[in-house]
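Reviewing the structure listed below.
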Amino acid sequence: MRTASVALARRALRNALRRPQFLAPLVLFPTLFLAVNVGGLERTTALPGFPHVDGFLDFQLAAAITQSLLLGGISAGIAAALDIEGGFFDRLVASPTPRLAIVLGRVLAASVIAAIQVVYFLVLGVIFGASIKGGALGVLYVLAIGTVAGTGFGALGVMIALRARNASTVQGIFPLVFVLLFVSSAFFPANLLSPPADVVAAYNPLSYIAEGMRQPIAFDNALAPVLEGLAAAAGVALAAIGLSVLALHGRLRAT
Amino acid sequence: MCNIIASIEAIEAIGLEREFKGGVKAVTGIDLTVAPGEVYGFLGPNGAGKTTTVRMLVTLLRPTGGHARVAGFDVARQPAEVRRRIGVALQEAALDPLMTGSELIELQATLHGIPPRAVRKRGAELIERVGLSQAADRRVGTYSGGMRRRLDLAMALIHEPEVLFLDEPTTGLDPTSRLTLWNEVRRLRDEGTTVFLTTQYLEEADQLADRLGIIAAGKIVAGGTPAALKAEIGSPHLDLVLAAGSDVQRAREAIAGFGDHRPAAEGCHLSIGLEHGAADIAPILRALDDAGFAVAELELKQPTLDDVFLAKTGVHLEGAADAEPAPEPELV
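Here the protein sequences line up with chains A and B, keeping their order. Using the working numbering, the first residue of the first sequence is number 13, and each one after it goes up by one. Using the working numbering, the first residue of the second sequence is number 173, and each one after it goes up by one.
If you want it as structure tokens, here you go:
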């Protein structure tokens, strides 16, 4: 199982690198969004109730990472759906590959890509003036939450691919990513959101994931938000992996 | 009632059925056996149920009726055991275009549990065997159709399977690539590998198969060795092409007393089964001449597998796909 999962993860990673048109948007789009937000909405930090931060970039960095990780999930889903459309999935199913490895291979690759995405945004942030308040430990916290969250989003993408069986449907999820992100506290503090967005944000795991990463970047290494973020990310990951495995079994049963 | 089949055959199917969503029955009770080391040809037009049958035998599709065992294991109850013992090259060579030939071979070997040390050696041997050594480090996306098929075959052979399934391996290939694959199938037979080969090409079935099953509309309509099947049809037939503008119906009437008239391909063609072999040719030509018909071309043909197909189904293999549209492969 482990050998098969690692072999399939290596394949997924290699293919991701060989398909830069799929990989580039994961960082380019959130980078542009981050640049526009930071450039145009800097004065937001002066709003009453906005937490004290050194700069809007410090605050927005976690949102950009979360957005990038969500796009990573879609990308993992598209890759899985292309395997189904192209028949490679059938090749795996007709071989003695453990069924769980088919999902885990793809999810492992999503974890590695997620870690790279987190590092990219932290480096970008530092280059453009952000300071990671939590220092090296803070970086590890962000990396941990981001990687676990990226794993979960990747598993969600795989689950959707297994259900939909075509890449265009997975791609159609793209707008939903934005809706989910905007009804969280990723871009703006929860206390500045209007109803009903503030209520939805309170139950949206993306809020906890983004705030868990924001704490060590913009403030300090206070454990409560970090642990909440980690728990939310782990919850998403476990639920998504479970749902993916169920989707795989459902798909194999249906044939 | 216990329906488990005790079998020493490489493949055995009894009453195998598959019904798709909407009640479309793609396979309606297939019975077949394939002996170890045999090349079994599964011949039929598009939409006849060949691929559905293969997908059930390789555990990609669950039968909705009947039973099948491959390499001694039940495809529905022991799919994992079946998968360890089979090699599969499906109709569309499902190869990742972003990977190189070597990478794909190595991945397939790893997934089959071949130890890392043996992976490289076995992979290199197979790559060489299918003539892809020069292209092994190129991405599969740059391969021609023939190269993809050969790589697909190499991947299917990586774990030295007991039973190899080749689903229309030469469809869409140029004659040279087709011959290369035929030679490889012959070599596999010589090595004792059981091969289940689906094809829509008469010549391919005739050339490669030790035994044949002819499938039409989801049922096997004839089975046996190619020679036995053709002998069943009996006498040779005469194909005639009349001069342009001839009244074919009147020509048929003029030679109505000779042999067995068959549906002909098109235009001024006539096809007559000869009860007494070549001895019937001269009287037929005389009768046509007496009736004022000029013969542009004539050919004496021995029975072919197409004749067998025609005799069993009432249509030629070519064009039969149009008569029997393939069902939509929607899942139940």
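Backbone N, C-alpha and C fix where the C-beta goes; we use that ideal spot for every residue, glycine too.
Mapping DSSP to helix, strand and coil, what is residue i?
i, result
"B:Arg234", "coil"
"B:Asp382", "coil"
"B:Ile183", "strand"
"A:Ser180", "helix"
"B:His284", "coil"
"B:Ile176", "Confidence at B:Ile176 is low in this model, with a pLDDT of 48, below 50, so the placement of that residue is unreliable and no value is reported for it."
"A:Gly343", "With chain A running from 13 to 267 in the structure shown, residue 343 of chain A is simply not present."
"B:Ala427", "According to the sequence provided, residue 427 of chain B is Ile. The question's Ala does not apply to it. Here B:Ile427 sits in coil by DSSP."
"B:Val487", "coil"
"B:Ala266", "coil"
"B:Glu496", "Here B:Glu496 scores only 44 on pLDDT, less than 50, and its place in the model should not be relied on; the value that follows carries that caveat. Note: B:Glu496 maps to coil in three-state DSSP."
"A:Ala142", "coil"
"A:Leu205", "coil"
"A:Asp95", "helix"
"B:Val211", "strand"
"A:Val195", "coil"
"A:Thr109", "coil"
"A:Asp102", "helix"
"B:Asp419", "coil"
Compare the Cα-Cα distances from residue i to each of the options and report the closest residue.
i, options, result
"A:Phe199", "A:Glu54, A:Val18 and A:Ala19", "A:Glu54"
"B:Arg383", "B:Ala389, B:Lys484 and B:Thr370", "B:Thr370"
"A:Ala179", "A:Phe34, A:Ala249, A:Ser80 and A:Phe71", "A:Phe34"
"A:Thr57", "A:Asn203, A:Val39 and A:Gly224", "A:Asn203"
"A:Val160", "A:Leu258, A:Arg26 and A:Val248", "A:Val248"
"B:Pro341", "B:Gly213, B:Glu184, B:Ile180 and B:Ala394", "B:Gly213"
"B:Thr223", "B:Asp432, B:Leu338, B:Phe465 and B:Leu442", "B:Leu338"
"B:Glu191", "B:Met271, B:Ile387, B:Thr236 and B:Pro217", "B:Thr236"
"A:Ala47", "A:Gly61, A:Ile90, A:Phe68 and A:Leu29", "A:Phe68"
"B:Ala240", "B:Arg311, B:Ile186 and B:Thr476", "B:Ile186"
"B:Gln280", "A:Ser107, A:Gln129, A:Ala113 and A:Ala173", "A:Ser107"
"A:Ala148", "A:Gly51, A:Asp232 and A:Leu193", "A:Asp232"
"B:Ser349", "B:Asp479, B:Ser316 and B:Thr365", "B:Ser316"
"B:Glu331", "B:Ser407, B:Leu477 and B:Glu297", "A quick correction: the sequence has His, not Glu, at residue 331 of chain B. Closest option to B:His331, Cα to Cα, is B:Glu297."
"A:Gly241", "A:Leu155, A:Arg265, A:Asp102 and A:Phe194", "A:Leu155"
"A:Leu258", "A:Leu188, A:Arg175 and A:Val238", "A:Arg175"
"A:Arg23", "B:Ala266, B:Glu404, B:Ala308 and B:Glu278", "B:Glu278"
Does the beta carbon of residue i come closer than 9 Å to any beta carbon on chain B?
i, result
"A:Ala21", "no"
"A:Ser107", "yes"
"A:Asn178", "no"
"A:Arg31", "yes"
"A:Gly89", "no"
"A:Thr181", "no"
"A:Thr78", "no"
"A:Ala121", "no"
"A:Asp70", "no"
"A:Asn27", "yes"
"A:Leu104", "yes"
"A:Phe100", "yes"
"A:Thr15", "yes"
"A:Asp95", "yes"
"A:Leu258", "no"
Would you please verify whether the beta carbon of residue i is less than 9 Å from any beta carbon of chain E?
i, result
"B:Ile183", "Checking the listed chains, one finds no chain E in this structure; the protein chains it contains are A and B."
When you compare the CB of residue i with every CB in chain A, is at least one pair closer than 9 Å?
i, result
"B:Val260", "yes"
"B:Leu442", "no"
"B:Gln280", "yes"
"B:Ala178", "With a pLDDT of 49 at B:Ala178, under the threshold of 50, the predicted position of this residue should be treated as unreliable, though the coordinate-derived value follows. No - not a single Cβ of chain A is within 9 Å of the one on B:Ala178."
"B:Leu345", "no"
"B:Ile186", "no"
"B:Val487", "no"
"B:His239", "no"
"B:Met319", "no"
"B:Glu332", "no"
"B:Leu267", "yes"
"B:Ala248", "no"
"B:Leu338", "no"
Who pairs with residue i in a beta bridge, going by DSSP?
i, result
"B:Glu189", "B:Thr200 and B:Gly237"
"B:Ala394", "B:Ile386"
"B:Ala261", "B:Leu338"
"B:Leu414", "B:Val467"
"B:Phe245", "B:Val242"
"A:Val130", "Note: A:Val130 sits in no beta bridge, so no partner."
"B:Val206", "B:Ile183"
Residue ranges of each beta strand (DSSP E) within the segment 297–377 of chain B, 3 or longer: 335–339 and 366–371
Start-end ranges of the beta strand (DSSP E) lying completely within the segment 223–261 of chain A, minimum 3 residues: none
Complete beta strand (DSSP E) runs within the segment 58–89 of chain A (minimum length 3 residues, chain order): none
Start-end ranges of the alpha helix (DSSP H) lying completely within the segment 436–490 of chain B, minimum 4 residues: 453–462 and 477–485
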